[in-house]
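Undergrad:
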Amino acid sequence: MKVKTRTIPLSLRVKVLSRDKFRCVFCGKSPAIDVGTILHIDHIKPFSKGGENTLDNLQTLCQDCNLGKSDNLI
Numbered sequence: 002m003k004v005k006t007r008t009i010p011l012s013l014r015v016k017v018l019s020r021d022k023f024r025c026v027f028c029g030k031s032p033a034i035d036v037g038t039i040l041h042i043d044h045i046k047p048f049s050k051g052g053e054n055t056l057d058n059l060q061t062l063c064q065d066c067n068l069g070k071s072d073n074l075i
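2 is the number of the first residue of the sequence shown in the working numbering; add one for each residue after it.
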C-alpha cells in the first residue's frame with residue numbers, strides 16, 4: 002500500500018527550486034531581487050485532488066501567487 006503524504010522531501014524541494022531558477026513560475030518574483038518574497042513549492046495538480054509529490058507535478062510559486070491559487074490550477 003502506497004502512503005501519500007503532503008510533505009515534500011527536502012531533496013525534491015531543492016530540485017524544484019533549482020529547475021525553476023528560484024523564481025515564481027507565475028509572476029517571476031525571486032527573493033534575490035524582490036525583497037520579502039517567500040517561495041513555496043506547489044502541486045500543479047492539487048494534492049487534495051490526487052496530485053502527487055513528483056518533480057513534474059511540482060512548481061515554485063511566490064507566497065502571493067500560491068495563496069491566491071488555493072487548490073485550483075493556474
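We treat Cβ as the ideally placed atom computed from N, Cα and C, and that holds for glycine. Just so you know, these numbers come straight off a predicted model, no measurement behind them.
Where G29 and K5 are concerned, what is the direct C-alpha to C-alpha distance, given to the nearest angstrom?
TA: Translated into positions along the sequence shown, residue 29 becomes position 28. Translated into positions along the sequence shown, residue 5 becomes position 4. About 30 Å.
Undergrad: Note down the Cα distance separating C76 from G37, rounded to an integer number of angstroms.
TA: With the chain represented from 2 up to 75, any question about residue 76 goes unanswered, as that position is not in the structure.
Undergrad: Report the three-state DSSP secondary structure of C66 (helix, strand or coil).
TA: Along the sequence shown, one-based indexing puts residue 66 at 65. Note: C66 maps to helix in three-state DSSP.
Undergrad: Are the beta-carbon atoms of K22 and S12 separated by less than 9 Å?
TA: Taking the sequence shown and counting its residues from 1, the one referred to as residue 22 is at position 21. Taking the sequence shown and counting its residues from 1, the one referred to as residue 12 is at position 11. Against a cut-off of 9 Å, the Cβ pair of S12 and K22 comes out as no contact.
Undergrad: Cα separation between K46 and I34?
TA: Walking along the sequence shown from the start, residue 46 turns up at place 45. Walking along the sequence shown from the start, residue 34 turns up at place 33. Cα to Cα, K46 sits roughly 28 Å from I34.
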